[in-house]
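Okay, so here's the structure we're looking at.
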Amino acid sequence: MEAPLRYLKKTCGKPPRGPRGVDVEIIWQDHELGSYPVIAVVWDDYVTSYPHEYIEKCMVAYEHFELTEEIHERGRLLS
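Put into structure tokens, the structure is as follows:
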């Protein structure tokens with residue numbers, strides 16, 4: 011989980027800053043069978059507005075990290 015997190019932070023650059031800012035981190039998602047790690051863009055709703063542009067950059071970067079270049083390009087063409 012650390013490799014994709016480092017890749018996102020390097021590829022997407024610094025997150026938008028607010029009083030408490032925005033960050034990309036590993037959080038634990040609860041499930042009926044236990045918990046599992048998830049990479050998430052996190053921010054304080056009461057202090058920072060929804061960072062839609064940064065979330066979109068992170069989604070594209072994560073897809074690029076997970077998929078081969080050929081599959082990534084094919085998916086972008088279908089969107």
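Heads up: the sequence shown at position 72 corresponds to 82 in this note's numbering, and the numbers run straight through without jumps.
Cβ atoms here follow ideal geometry from the backbone N, Cα and C, with glycine treated the same way.
1) What does residue 59 pair with, by DSSP beta-bridge criteria?
2) Would you mind reading off the limits of the alpha helix (DSSP H) that contains residue 12?
3) What does DSSP give as the partner residues of residue 52 in its beta bridges?
4) Using alpha carbons as the reference points, say which of 59, 54, 57, 50 lies closest to residue 69.
5) Mind checking who residue 46 pairs with in its DSSP beta bridge?
6) Am I right that residue 32 and residue 64 are in contact with their C-beta atoms under 8 Å? What's the rounded C-beta distance?
7) Looking at residue 47: is its Cβ nearer than 8 Å to the Cβ of residue 38?
In this structure, then:
1) Taking the sequence shown and counting its residues from 1, one reaches residue 59 at position 49. Paired residue(s): none; residue 59 is not in a bridge.
2) For this step, residue 12 is matched to residue 2 along the sequence shown. Run containing residue 12: 12-22, per the alpha helix (DSSP H) assignment.
3) The sequence position of residue 52 within the sequence shown is 42, counting from 1. For residue 52, which the question treats as bridged, DSSP gives the partners 33.
4) For this step, residue 69 is matched to residue 59 along the sequence shown. Residue 50 is the option with its Cα nearest to residue 69.
5) Taking the first residue of the sequence shown as position 1, residue 46 is located at position 36. BP columns for residue 46 point to 39.
6) Locating residue 32 in the sequence shown gives position 22, where the first residue counts as 1. Locating residue 64 in the sequence shown gives position 54, where the first residue counts as 1. Right, their Cβ atoms sit about 6 Å apart.
7) Counting from one through the sequence shown, the residue named residue 47 turns up at place 37. Counting from one through the sequence shown, the residue named residue 38 turns up at place 28. Yes. Within cutoff.
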